[in-house]
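Enquirer:
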Amino acid sequence: FTIFGRVFGTVHVVVWPLSASESRADVYCMAPDVYFEADDISERIQPLEEMMSVIIEEDRPMIESLQRNMRKSAFRPGRMSSGEMLVHHYISCYLDRMGAGLSG
Numbered sequence: 026f027t028i029f030g031r032v033f034g035t036v037h038v039v040v041w042p043l044s045a046s047e048s049r050a051d052v053y054c055m056a057p058d059v060y061f062e063a064d065d066i067s068e069r070i071q072p073l074e075e076m077m078s079v080i081i082e083e084d085r086p087m088i089e090s091l092q093r094n095m096r097k098s099a100f101r102p103g104r105m106s107s108g109e110m111l112v113h114h115y116i117s118c119y120l121d122r123m124g125a126g127l128s129g
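Here our numbering is used: the first residue of the sequence shown is 26, the next is one more, and so on.
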């Protein structure tokens with residue numbers, strides 16, 4: 026779960042694992058009601074949709090690689106993220122429950 030602050034409100038990204046090799050990212054945009062009452066809402070939302078598509082496509086190879094490699098016993102968390110071990114533990118437990126982990 027990640028929250029991005031934007032001028033118009035916040036963007037919430039929730040990543041759900043679907044299987045041992047697949048995930049889904051749901052993107053929610055939260056903004057004041059007045060923003061959605063505007064007559065030109067479709068035109069105002071389009072740049073946001075385009076921006077989110079670009080960001081997701083830029084991140085896709087990194088996320089896919091990380092998801093593949095976190096299953097490996099040789100995985101070592103990088104020095105840039107103090108939360109990687111927690112994420113690795115969480116995903117490893119999930120993979121074990123799916124029957125695709127190192128112990129399964």
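Ideal placement from N, C-alpha and C gives every residue a C-beta, glycine not left out.
What whole-angstrom Cβ distance do ILE3 and ALA56 have, given they're in contact under 8 Å?
Expert: Within the shown structure, residues of the chain are numbered from 26 to 129, placing residue 3 beyond reach of any answer.
Enquirer: Measure the Cβ-Cβ separation of VAL52 and MET77 and say whether it is below 8 Å.
Expert: yes
Enquirer: If you measure between the beta carbons of MET87 and ILE116, is that distance less than 8 Å?
Expert: no
Enquirer: Since CYS54 contacts GLY34 with CB under 8 Å, what's their CB separation in whole angstroms?
Expert: 7 Å
Enquirer: For SER98, does the count of other Cβ atoms within 10 angstroms reach 16, so buried, or fall short, so exposed?
Expert: exposed
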